[in-house]
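Asker: Handing you this structure, nothing more for now.
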Amino acid sequence: MAFAKFAVLLVGMQIALGGWTSTNYAALACPDFPTCQEQWLPTLNVADAFHVVRELGKTAEGDMIDLPALTAIHLSHRIGAVMVLLGLSALAFACFRSRVAGVEAGGL
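Residues 0 to 107 (numbering that gives the first Met the number 0) make up the sequence shown, in order.
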């Protein structure tokens, strides 16, 4: 049961990251997949990417948020998606292996 709560927490965090990506207009920071800007690890600016108390689309100083910060936001959303995939897959596997009646069907 604790593992299911953790999976719900992962999904909630991914939804929040998706909202942060959208409100900061970071969706187009990485136009290609699976790379980002044709690089596996592009330049990131994590310091300006996750200031919560600021005007959206701007840094804490009021400047427009730069591409490396938008890239950090976008890549965090991609990494979160991988974590959700792994977490939900593990939960489904655990439910499938469970011998409790009704839980096995929930894993499928």
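Glycine included, every Cβ here is placed at the ideal spot set by N, Cα and C.
Using DSSP's beta-bridge definition, name the partner residues of Lys57.
Answerer: Translated into the one-based positions of the sequence shown, residue 57 becomes position 58. In the DSSP output, where bridge partners are listed per residue, Lys57 has Met63.
Asker: Note down, in chain order, each residue of its chain lying with its Cβ closer than 6 Å to the Cβ of Leu107, except the 5 sequence neighbours on either side.
Answerer: Here residue 107 is taken as the residue at index 108 of the sequence shown, counted from 1. Caution applies to Leu107, whose pLDDT of 47 falls short of 50 and renders its modelled position unreliable; the value that the coordinates give is listed next. The answer is none, since no qualifying residue turns up.
Asker: So, for Ala3: in the same chain, excluding its five sequence neighbours on each side, which residues have a beta-carbon less than 7 Å away from its beta-carbon?
Answerer: Residue 3 sits at position 4 when you count from the first residue of the sequence shown. Same-chain partners within the cutoff: Leu90.
Asker: Does Gln13 pass the burial test, meaning 16 or more other C-beta atoms within 10 Å, or should it be called exposed?
Answerer: Numbered from 1 along the sequence shown, position 14 holds the residue referred to as residue 13. Buried, because 16 or more other Cβ atoms sit within 10 Å of the Cβ of Gln13.
Asker: For Gln13, does the three-state DSSP call read helix, strand or coil?
Answerer: For this step, residue 13 is matched to residue 14 along the sequence shown. Note: Gln13 maps to helix in three-state DSSP.
Asker: Under the three-state reduction of DSSP, which class applies to Cys94: helix, strand or coil?
Answerer: Within the sequence shown, residue 94 is the residue found at index 95, counting from 1. Correct three-state label for Cys94: helix.
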